[in-house]
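Since the structure comes first, as structure tokens, the remarks are kept for the end.
Residue numbers (this note's numbering): 185 to 373.
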């Protein structure tokens, strides 16, 4: 199934978001999560990412469940089985656009599957010196590109800045690490 335009009035009860890595990019997808959850507060949002990012995403506003490829085993067939076994989704968003994320997206049972515009080829051509004139023009921020699939669903972005929420234990741990590193006023960091 290819990308589908959605009925803006269609309710979303379950949504899957795929972004396996890397840390900064995972954080930059948080406005998508929050916008989706604010548009459909009752929806269950399942986020698929690498195991290393589970602690970061667990407990973030808008994320109800974090699933990691490691739960399914090694290799693409295992990833496909894992994704197929997650149940039915109203919408699935691939915010990574890699071989693995595409395999997962195609295996998910979803009414609508959407991906963001990665522009990887344009970036490579720019780096090689070919597309410098075109790429020299203002380009949309990656967050805006991550939010684009929601716009195609008829959802206007309400969050465009990533916000990480940390629990009291994480904050205490961070403060202790800063003090141990010699930071005199860790509350200011």
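Positions of the beta carbon are idealized from the N, C-alpha and C atoms, including for glycine. Because the structure is a prediction, the values reported are computed rather than measured.
Close beta carbons around residue i, own chain, < 6 Å, minus the five adjacent residues each side
i: residue 196; result: 224, 227, 274 and 275
i: residue 291; result: 264, 267 and 268
i: residue 372; result: none
i: residue 198; result: 228, 273 and 274
Bounding residues of the alpha helix (DSSP H) (the contiguous stretch that carries residue i)
i: residue 199; result: Per DSSP, residue 199 belongs to no alpha helix (DSSP H); it is in the beta strand (DSSP E), 198-202.
i: residue 265; result: 260-268
i: residue 238; result: 238-241
Whether residue i touches residue j by CB criterion (8 Å)
i: residue 201; j: residue 217; result: yes
i: residue 204; j: residue 285; result: yes
i: residue 245; j: residue 221; result: yes
i: residue 219; j: residue 334; result: yes
i: residue 355; j: residue 344; result: no
i: residue 297; j: residue 289; result: yes
Where residue i falls: helix, strand or coil (DSSP)
i: residue 195; result: coil
i: residue 211; result: helix
i: residue 285; result: helix
i: residue 228; result: strand
i: residue 340; result: coil
i: residue 363; result: helix
i: residue 272; result: strand
i: residue 301; result: coil
i: residue 345; result: coil
i: residue 294; result: strand
i: residue 218; result: helix
i: residue 278; result: strand
CA-to-CA distance, residue j to residue i, given in whole angstroms
i: residue 302; j: residue 210; result: 14 Å
i: residue 236; j: residue 368; result: 30 Å
i: residue 271; j: residue 282; result: 22 Å
i: residue 254; j: residue 266; result: 9 Å
i: residue 360; j: residue 260; result: 41 Å
i: residue 207; j: residue 233; result: 10 Å
i: residue 277; j: residue 341; result: 15 Å
i: residue 279; j: residue 357; result: 31 Å
i: residue 262; j: residue 331; result: 29 Å
i: residue 194; j: residue 370; result: 47 Å
i: residue 256; j: residue 348; result: 27 Å
Contact set for residue i: own chain, Cβ-Cβ below 7 Å, skip 5 residues either direction
i: residue 242; result: 250
i: residue 346; result: 211, 212, 214 and 215
i: residue 247; result: 217, 229, 231 and 241
Boundaries of the beta strand (DSSP E) in which residue i is found, first to last residue
i: residue 350; result: Note, residue 350: premise wrong, no beta strand (DSSP E); not H, not E.
i: residue 372; result: Note, residue 372: premise wrong, no beta strand (DSSP E); not H, not E.
i: residue 249; result: 249-251
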